[in-house]
Amino acid sequence: MVDFKLDFLDHVAILVKDMDASVAWYEKVLGLKRYQLEKWGDFPIFMLSGKTGIALFPANTDDPKLEATSKNVKIDHFAFQVSNEAFAKARKHYENLGLDYIFKDHHYFHSIYTKDLDGHDVELTTLVVDEDAFYD
Numbered sequence: 002m003v004d005f006k007l008d009f010l011d012h013v014a015i016l017v018k019d020m021d022a023s024v025a026w027y028e029k030v031l032g033l034k035r036y037q038l039e040k041w042g043d044f045p046i047f048m049l050s051g052k053t054g055i056a057l058f059p060a061n062t063d064d065p066k067l068e069a070t071s072k073n074v075k076i077d078h079f080a081f082q083v084s085n086e087a088f089a090k091a092r093k094h095y096e097n098l099g100l101d102y103i104f105k106d107h108h109y110f111h112s113i114y115t116k117d118l119d120g121h122d123v124e125l126t127t128l129v130v131d132e133d134a135f136y137d
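Residue 2 is where the sequence shown starts when you use my numbering, and the numbers rise one by one after that.
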């Protein structure tokens, strides 16, 4: 038994081909704010909403490529939880951007999935049942 509690997901680190283009995409699509720490140099670049988000690192494009459809070991997707109101606004924002996305009804949650510039699956999810009944 663990005698401590995790507070929240801090970040997910992802590898990208073009740091500047990825920063711009996450700012434009999700409204994440760029944080770059001087003592760490050029990377990682954190893209945050409050205290949670992603850390961008440059991909080594000389490494062998893992097929995008592979179900082998890799990050499948990462998700940000939003309110029902923010979820509706995000769908409209995606539509205004002409961004392709997929809606999924997960019974307890509704989610929209899109791909970033490097093909990472980015999910926005919202709880559609009573929070107190879902989380213990």
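Beta carbons are placed, not taken as given, at the ideal position from N, Cα and C, and that holds for glycine.
What would DSSP say about residue i, mapped onto helix, strand or coil?
i, result
"residue 50", "strand"
"residue 116", "strand"
"residue 3", "coil"
"residue 130", "coil"
"residue 9", "coil"
"residue 101", "coil"
"residue 95", "helix"
Does the beta-carbon of residue i have 16 or more other beta-carbons within 10 angstroms, so that it is buried, or is it exposed?
i, result
"residue 45", "buried"
"residue 67", "exposed"
Residue i to residue j, Cα distance in whole Å?
i, j, result
"residue 77", "residue 89", "24 Å"
"residue 93", "residue 2", "44 Å"
"residue 97", "residue 10", "29 Å"
"residue 47", "residue 116", "18 Å"
"residue 23", "residue 105", "25 Å"
"residue 59", "residue 19", "7 Å"
"residue 34", "residue 53", "11 Å"
"residue 31", "residue 4", "35 Å"
"residue 61", "residue 17", "9 Å"
"residue 118", "residue 41", "24 Å"
"residue 129", "residue 113", "13 Å"
"residue 26", "residue 99", "13 Å"
"residue 102", "residue 38", "32 Å"
"residue 81", "residue 63", "31 Å"
"residue 8", "residue 21", "30 Å"
"residue 111", "residue 126", "6 Å"
Looking only at DSSP bridge pairs, what is residue i linked to?
i, result
"residue 14", "56"
"residue 106", "111"
"residue 36", "47"
"residue 124", "80, 114"
Would the C-beta of residue i count as close to the ligand SAH, meaning under 7 Å from any of its heavy atoms?
i, result
"residue 16", "The model depicted lacks the ligand SAH and carries no ligand whatsoever."
> Which runs of the beta strand (DSSP E), 3 residues or longer, sit entirely within the segment 56-92?
Replying inline: 79-82
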